[in-house]
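Start counting the sequence shown at 2; every next residue gets the next number (our numbering). Here's the structure, in structure tokens; my notes come after.
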Amino acid sequence: MQSAIAAGYAVLYVDRIGVGGSDRPPAQLVTADTEAYVAHQLVSRLRADRYRTVVAVGHSYGSLIWAAAAYHYDDVDALVLTGYLHATDVPTQLMIRDHLRPAPGAPEGYLTQAANFRRRAYLHPPGLVDGMADADERLRTTGTTGELMSLKKLADPTYTSRVRRPVLLQLGASDLLFCNAANGLSCAEPADLCAREKALYPQAALSATVVRDAGHSIQLHRSAVRASETALDWIDHTLGRGPYPRAVLDCR
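So, in structure tokens, the structure goes:
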């Protein structure tokens, strides 16, 4: 976010429903589709004001929300989807589900992860910024049973099949949720992401980049600065403001 502001972009940072200071409606109603509707309302409000160009940036489940919003409303100019591919490593996915717990002090159906689990699943220790694992543990948030059901749509290309805008996929090279070469899920190079995802975005101009020395939670790693710069360079190019970034592969 700070990199985007420094580059001259206005940034609207949004917590998901149920996160931060937002309301916590019934858990089963908080799904990717209802959150996509909220995203659509935000984009509409921005366009009603003085902002004519809107680029959506999501991470992990947030990327799924923006894919759903693009499917239903098609109202942003480009999408940066980080920590998001269709095929997941099944053992890692099951491990994550096995470590979900009821969130203390939250309404029924709100979930969080078991203590000290996030550093195992989402972080790449050799590349971490000092202190980030502890900070991530302190700040872990909640999800809902409705969102958990929505995760089934990760493997479903319905949302992305109707995305008509330019898309950048950005993934940590050591993302355990999506990367396991032994299981046929290679993501060592941008070409690997293109090979896995190109057919699932038939109407989009798809690009891909891989962040070295980073796990799923890219922004907690030392390579986050480089990752942000690459995404911003891609946005600049997509909006006609700069050359195509060398770290990004055009999947066409």
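Glycine included, every Cβ here is placed at the ideal spot set by N, Cα and C. Predicted, not measured: the structure shown is a model, and the values here were computed from it.
DSSP-derived helix/strand/coil call for residue i
i, result
"Pro27", "coil"
"Arg197", "helix"
"Asn117", "coil"
"Val91", "helix"
"Val249", "coil"
"Ser45", "helix"
"Thr145", "strand"
Cβ-Cβ distance between residue i and residue j below 9 Å
i, j, result
"Gly147", "Thr54", "no"
"Ala228", "Ala215", "yes"
"Trp235", "Val212", "no"
"Leu169", "Leu30", "no"
"Val12", "Met2", "yes"
"Val130", "Leu65", "no"
"Trp67", "Ala49", "no"
Other residues of its chain near residue i: CB distance less than 7 Å, five sequence neighbours each side excluded
i, result
"Asp237", "Gly243"
Rounded separation between residue i and residue j - CA only
i, j, result
"Gly9", "Ser45", "22 Å"
"Asn117", "Leu124", "11 Å"
"Leu155", "Ala88", "7 Å"
"Ala79", "Ala200", "18 Å"
"Pro158", "Glu138", "32 Å"
"Ala206", "Leu172", "17 Å"
"Ala57", "Asp99", "31 Å"
"Leu86", "Ile6", "27 Å"
Exposed unless 16 or more other CB atoms sit within 10 angstroms - verdict on residue i
i, result
"Thr142", "exposed"
"Glu198", "buried"
"Asp75", "exposed"
"Arg176", "Looking at the sequence shown, residue 176 is not Arg but Asp. With 16 or more Cβ atoms within 10 Å of its Cβ, Asp176 is classed as buried."
"Ala189", "exposed"
"Tyr52", "exposed"
Cβ neighbours of residue i in the same chain (closer than 8 Å, five flanking residues each side left out)
i, result
"Val43", "Before going further, note that residue 43 is Leu rather than Val in the sequence given. Only Leu13, Val15 meet the Cβ criterion."
Contacting residues, own chain, Cβ-Cβ under 6 Å from residue i (five flanking each side not counted)
i, result
"Ala37", "Ile66, Ala69, Ala70, His73"
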